[in-house]
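Asks:
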Amino acid sequence: MSRKTLASSGRRGLHPGAWWLWAGCMAGAASRTTNPILLLLIGAVAVYVVAARRTSAPWSRSIVVFLRLGLVVIVLRVLLVIVFGIRLPGHVLFTLPHIPLPSWAAGVSIGGPVTAEAILQATLQGLRLAVVLVCFGAANSLASPYRLLRCLPAVLYEAGVAITVSLSFAPELVMAIGDVRAARRLRGRPTRGFSGLRGTAIPVLERALDRSLQLASSMDARGYGRRVPVARGARRAATAGTATGLLLVVAGLYGVLVAGSLPGGGIPFVAVGAVLLGAGLATSGRRTNRTRYRPDPWRGPEWIVSASGMAVVGTMVASGILGVPGIEFVIYPLGPPTLPVLAAVGILIGLVPAWAAPVEPGAVSIPDGSTTGSGDPAPQVGAAA
Amino acid sequence: MIKLVDVSFTYDGASSPTLDRVDLALGEGELCVVVGPTGSGKTTLLRAVNGLVPHFTGGRLSGEVLVDGRSTREFPPRELADVVGMVGQNPAASFVTDVVEDELAYTMENLGLDPEVMRRRVEDTLDLLGLHDLRHRPLATLSGGQQQRVAIGAVLTASPRVLVLDEPTSALDPAAAEEVLGSLTRLVHDLGLTVLLAEHRLERVLPFADSVVLVPGRGAPLQVGSAARIMEVSPVAPPIVDLGRLAGWTPLPLSVRDARRQAGPLRERLARAEPPPARATATDAVPTLARLHRVTVRFDQVTALDAVDFAARQGEVVAVMGRNGSGKSTLLAQIAGVRPPTSGRVDVGGADPAALSASALVARVGLVPQDASLLLYSDSVAAECASADQDTNLPPGTTAAMLERVLPGLPVDHHPRDLSEGQRLALALAVVLAPAPPLLLLDEPTRGLDYPGKARLVGLLADLAADGHCVVMATHDVELVAQVATRAVVLADGEVVADGPARDVVCHSPVFAPQVSKILAPEPWLTVQEVRTALDVEPVRG
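Printed below as a string of structure tokens:
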């Protein structure tokens with residue numbers, strides 16, 4: 001029932017740009033702190049919003065992949081510190097055999113005493129990266145990558161679809177692995193071990209490549225890449241403008257993220273870059289006369305969702321500037337983390353989209369807890385690897 | 001509308017041309033069916049119409065292909081997108097976006113249509129093809145029939161003048177196929193669209209065809225004409241035409257209605273003849289090769305199988321039928337142990353197939369999946385046969401001999417990927433059939449196979465069953481079921497709704513009844529062969 005009413009109201013879920021903005025702000029907030037309580041809080045908020053607003057689409061499960069990836073990052077980070085890390089003084093937990101390195105490798109060490117402080121610091125740094133990853137995973141789960149590309153200007157769209165094809169290569173690959181392994185088993189061949197790997201790799205690559213070629217031919221047959229002739233000089237100027245603008249924006253964003261690296265906090269760079277980029281894109285965009293079907297509107301819910309993200313990163317940055325204790329976790333002396341109340345409350349504002357964002361038609365969870373969007377997929381052999 | 005003038009086409013590295021001096025002209029508002037044996041070049045002909053051949057495939061094309069006055073020589077496929085809509089053999093592979101509604105709009109966006117026009121056309125197409133409930137659904141969650149309809153809708157929205165479809169109903173259940181063909185006929189009649197489609201299941205499309213192009217293959221010249229005229233000479237013909245030829249009806253009937261009007265005398269004769277012999281049905285005394293005990297399989301929120309009990313016995317040919325997405329493939333995958341069930345128990349020869357090692361599994365079960373190319377790894381047909389012999393310790397040449405039985409004359413030096421859909425299937429069948437597993441599972445075994453290929457398959461399956469093997473096949477092909485199945489199981493939403501002798505199940509269903517049965521009802525005949533036998537012995541009875 002809810003699907004019907006939503007469909008007739010013309011609502012197609014939140015603008016993907018709003019989701020990405022919100023997730024980007026959450027990630028930005030996470031990158032500004034090492035306090036484990038705050039980091040876990042940010043991760044929990046992101047996961048909760050995904051759980052509340054994800055759809056039944058295949059990409060909505062990508063958060064799980066990012067969560068796993070996050071764990072791997074933490075473990076790797078800790079292992080690296082144990083083996084190669086800088087030897088922080090403090091409470092020695094255990095000592096690895098030390099391998100002396102030549103003088104030119106100063107700063108790197110292998111083995112030696114491992115302290116609780118070193119492990120704690122590594123864990124926290126790993127956790128920070130993991131939470132940033134989870135935030136991006138949340139954006140991936142909430143907004144279809146294709147719909148995000150639709151919002152790009154015409155010229156980027158073309159490049160964007162090329163990216164989609166290459167992006168679709170990865171999931172294709174994963175599906176192909178499942179299919180090929182199931183099929184190898186049906187031929188009575190090993191699916192594990194080295195010979196299994198060798199026998200699987202080539203057919204898997206072949207299939208994924210085949211599929212990409214088919215996709216390319218299908219896109220061509222459906223009019224992708226039709227061009228309107230444009231003067232050569234204008235084309236070159238546009239390309240140069242786009243490239244310079246893009247570089248400036250990237251440099252400026254670096255300045256914004258890493259305090260004190262660029263004059264003016266990098267903001268002038270971003271501004272000039274954005275103008276150049278916009279002009280370049282507009283000029284190149286004239287080459288394609290493609291139009292857009294039902295562009296996603298930017299209305300109240302989009303403003304609320306992006307504002308909630310801004311609030312999260314805003315309170316975090318403000319706390320940092322004000323020097324609120326506990327934003328940076330201090331490992332000397334070793335002790336339990338404190339809770340900076342302002343930042344924590346700010347993070348909780350990030351929960352707002354769980355209610356403010358409209359439920360996408362065909363979503364998994366709707367307020368009354370029942371389910372919509374049941375499907376009848378034709379399961380292929382081994383489709384679920 | 002479509003004009004081919006002296007067109008020849010040779011693939012790179014091929015010794016002989018696939019299309020040889022083809023001349024063809026199709027007028028506006030014509031529905032033309034391309035028929036021909038497996039691998040005769042039907043797909044190549046279709047893809048030449050919008051320029052994918054040779055712009056995407058490479059190879060040498062001579063002559064001229066004109067669509068709406070535009071030559072594919074000067075216009076690449078993308079510049080023809082507003083005139084020709086092309087729907088390939090595998091709709092899922094052609095999807096560019098990820099949601100139904102966006103997919104429908106994609107071509108229009110590329111053509112730069114006005115947003116309001118796009119919106120209107122998308123709504124019209126959603127209604128026209130009955131896709132309204134699916135508009136927000138991710139494409140990956142659609143069933144085969146739904147995907148096919150979306151693929152057709154996605155090219156229709158651009159309102160092309162020509163629609164080219166490669167086997168549009170091969171993946172569809174009979175009801176969904178009727179639906180798609182019905183929509184196509186409506187487009188031809190209401191909008192004057194020119195439709196060119198290739199199809200092996202002629203029984204489905206012939207009643208709708210204005211003209212037929214026969215591609216005999218092997219360099220023989222194309223034949224074009226009215227459906228009735230071509231059917232008189234065609235090497236591939238649906239059961240209705242075979243029956244018409246047998247009974248000497250003129251003109252040859254192409255639809256069940258026409259046939260029934262002429263079939264009165266035949267029905268009377270058959271009423272006096274010996275009824276068709278009952279096919280051997282397995283009793284409880286015959287050993288069971290596979291048994292499913294209250295098996296439930298769930299994918300996310302979708303229940304593919306719901307507490308299904310199923311048994312397959314020696315000497316049986318079991319047809320598993322049901323609409324797209326009813327759980328047929330999942331049932332086969334369960335017996336083959338592709339994945340463990342969510343709940344319940346699967347027992348194949350006293351073991352759980354999901355737990356068996358690969359070599360122990362193939363000794364018990366052979367499965368040909370819907371996508372037959374999954375089973376093929378080698379870089380030539382000959383190498384594939386040789387490696388199949390090696391895998392299963394068969395004397396060299398066994399698989400090659402089996403292939404010769406399934407589809408004679410396959411070029412042994414070709415890469416399996418360069419074969420046609422039907423040829424690939426034949427190769428996969430040979431690979432699986434060679435070690436003669438006691439239990440043989442086939443998923444849509446007639447996709448892309450022509451009638452002679454099907455007849456050979458039927459003979460093969462009947463022989464296997466007579467030797468005590470068991471065949472379980474998931475299929476939409478009611479004619480195949482009529483010819484060879486001893487038992488039919490109908491699934492709906494993952495539940496078994498009918499299970500019994502094939503003749504009873506099939507005759508009593510308006511959807512699954514084969515053509516002969518529809519023509520001769522209430523007489524219980526299913527195939528032309530049965531009728532032929534009955535007429536031969538009739539004089540003896542008096």
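From first to last, the protein sequence lines stand for chains H and L.
To convert, note that position 138 of the first sequence is 138 in this note's numbering; the numbers rise steadily by one, no gaps.
To convert, note that position 120 of the second sequence is 120 in this note's numbering; the numbers rise steadily by one, no gaps.
Every residue, glycine too, gets a C-beta built ideally from N, C-alpha and C.
These figures come from a predicted structure and were not determined experimentally.
So is H:P190 in contact with chain L if we call contact Cβ pairs under 8 Å?
Replies: H:P190 counts as touching chain L.
Asks: Check L:S211 in the structure and name its three-state DSSP category.
Replies: Strand.
Asks: Against chain L, with Cβ distances strictly below 8 Å, would H:H15 count as a contact?
Replies: Taking Cβ atoms only, chain L never reaches closer than 8 Å to H:H15, which makes this a no.
Asks: Starting from L:C32, trace the beta strand (DSSP E) in both directions and tell me its first and last residue.
Replies: Where L:C32 is concerned, the enclosing beta strand (DSSP E) stretches over 31-35.
Asks: Could you tell me whether the Cβ of H:M219 comes closer than 8 Å to any Cβ of chain L?
Replies: Chain L contact via Cβ: present.
Asks: Could you give the DSSP three-state label for H:T372: helix, strand or coil?
Replies: Here H:T372 scores only 33 on pLDDT, less than 50, and its place in the model should not be relied on; the value that follows carries that caveat. H:T372 falls in the coil class under three-state DSSP.
Asks: How would you call L:S15, buried or exposed, if buried means at least 16 neighbouring beta carbons within 10 angstroms?
Replies: So L:S15 ends up on the exposed side.
Asks: Going by the CB atoms, is the gap between H:A116 and H:L93 shorter than 8 Å?
Replies: Taking 8 Å as the Cβ cut-off, H:L93 and H:A116 qualify as a contacting pair.
Asks: Count the other CB atoms, across all protein chains shown, that sit within 10 Å of the CB of H:I327; report buried if there are 16 or more and exposed otherwise.
Replies: Buried, because 16 or more other Cβ atoms sit within 10 Å of the Cβ of H:I327.
Asks: Between which residues of its own chain and L:T72 is the CB-CB distance below 6 Å, once the five residues before and five after are set aside?
Replies: The answer, listed in chain order, is G51, V65.
Asks: Within its chain, find whatever has a CB closer than 6 Å to the CB of L:L480; leave out the 5 residues flanking it on each side and keep chain order.
Replies: Answer for L:L480: T446, listed in chain order.
Asks: Can you tell which of L:G453, L:R417, L:D379, L:P438 has the C-alpha that lies nearest to the C-alpha of L:E404?
Replies: Comparing Cα positions, the closest option is L:G453.
Asks: Does the Cβ of L:G315 have 16 or more other Cβ atoms within 10 Å, making it buried, or fewer, making it exposed?
Replies: Looking at its Cβ environment, which holds 16 or more other Cβ atoms inside 10 Å, L:G315 is buried.
Asks: Should H:G137 be flagged as near chain L, meaning a C-beta pair shorter than 8 Å?
Replies: Output row for H:G137: interface = no.
Asks: Helix, strand or coil for H:I397? Go by DSSP, reduced to three states.
Replies: Absent from the structure is residue 397 of chain H, since the part of chain H shown begins at 1 and ends at 385.
Asks: Check whether the segment 136-143 of chain H touches the segment 57-73 of chain H, counting contact only when three or more Cβ pairs, one atom from each stretch, lie closer than 8 Å.
Replies: With the cut-off at 8 Å, the segment 136-143 of chain H and the segment 57-73 of chain H touch.
Asks: Do you know offhand how far L:S373's Cα is from L:V365's?
Replies: The alpha-carbon atoms of L:S373 and L:V365 are separated by roughly 18 Å.
Asks: Quick check on the DSSP output: the alpha helix (DSSP H) that includes H:A138 runs from which residue to which?
Replies: Start and end: 116-142.
Asks: For the putative contact between L:P411 and H:D220, defined by C-beta atoms under 8 Å, what is the C-beta separation to the nearest angstrom?
Replies: 29 Å between Cβ atoms; not a contact.
Asks: By Cβ distance below 8 Å, which residues in the same chain neighbour L:P246 in space, the five residues on each side in sequence not counted?
Replies: In the sequence as displayed, the identity of residue 246 of chain L is Leu instead of Pro. Once the five neighbours on either side are set aside, the close Cβ partners of L:L246 are V528, V531, R532, L535.
Asks: Within 10 angstroms of its Cβ, does L:H508 collect 16 or more other Cβ (buried), or is it exposed?
Replies: So L:H508 ends up on the exposed side.
Asks: Would you list, in chain order, the members of the segment 379-400 of chain L that have their beta-carbon closer than 7 Å to a beta-carbon of chain H?
Replies: Cβ contacts with chain H: D391, T392.
Asks: Going by Cα to Cα distance, which pick from L:V100, L:P437, L:R218, L:T97 is closest to L:G409?
Replies: For L:G409, the nearest C-alpha among the options comes from L:R218.
Asks: Please list, in chain order, the chain H residues whose beta carbon lies closer than 7 Å to that of L:E79.
Replies: Result: R226.
Asks: Does H:S144 come within less than 8 Å of chain L when only Cβ atoms are used?
Replies: Closer than 8 Å: yes.
Asks: Which residues, in chain order, does the segment 357-378 of chain L contribute to contact with chain H at a C-beta distance below 9 Å?
Replies: If the cut-off is 9 Å between Cβ atoms, the segment 357-378 of chain L has S357, A358, S359, A360, L361, V362, A363, V365, G366, L367, V368, P369, Q370, D371, S373, L374, L375, L376, Y377 near chain H.
Asks: Could you tell me the boundaries of the alpha helix (DSSP H) in which L:L66 lies?
Replies: Element bounds for L:L66: not the alpha helix (DSSP H) but the beta strand (DSSP E), 60-67.
Asks: Count the other CB atoms, across all protein chains shown, that sit within 10 Å of the CB of H:A363; report buried if there are 16 or more and exposed otherwise.
Replies: The predicted position of H:A363 is uncertain, since its pLDDT is 45 and thus under 50; no value can be drawn from it.
Asks: Which residues of chain L have a Cβ atom closer than 9 Å to the Cβ of H:T34, listed in chain order?
Replies: Under the 9 Å cutoff, chain L gives no residues; its nearest Cβ is about 37 Å from H:T34.
Asks: Tell me whether the segment 280-287 of chain H and the segment 318-335 of chain H touch, counting them as touching only if at least three CB pairs, one residue from each stretch, are closer than 8 Å.
Replies: Cβ pair count under 8 Å is below three, so no.
Asks: Would you list the residues sitting across from L:F310 in a DSSP beta bridge?
Replies: Paired residues: L:L292.
Asks: Which of the three DSSP states is assigned to H:V381 in this structure?
Replies: Confidence is the limiting factor: at H:V381 the pLDDT is only 38, short of 50, which leaves the residue's position unreliable, though a coordinate-based value still follows. Coil.
Asks: Chain H beta carbons: is any one of them nearer than 8 Å to that of L:L461?
Replies: Chain H contact via Cβ: absent.
Asks: Within the segment 406-468 of chain L, note down every full beta strand (DSSP E) run reaching 3 residues or more, in order along the chain.
Replies: With a minimum length of 3 residues, the continuous beta strand (DSSP E) runs that stay inside the segment 406-468 of chain L are 439-443.
Asks: If you scan the segment 126-194 of chain L from start to end, which runs of the beta strand (DSSP E) of 3 or more residues do you find wholly inside it?
Replies: Fully enclosed beta strand (DSSP E) runs of 3 or longer: 162-166.
Asks: Using 8 Å as the cut-off, can you tell me whether the segment 213-232 of chain L makes contact with the segment 177-188 of chain L, which would need three or more C-beta pairs spanning the two stretches below that distance?
Replies: As far as the Cβ criterion goes, the segment 213-232 of chain L does not touch the segment 177-188 of chain L, which means the pair count is below three.
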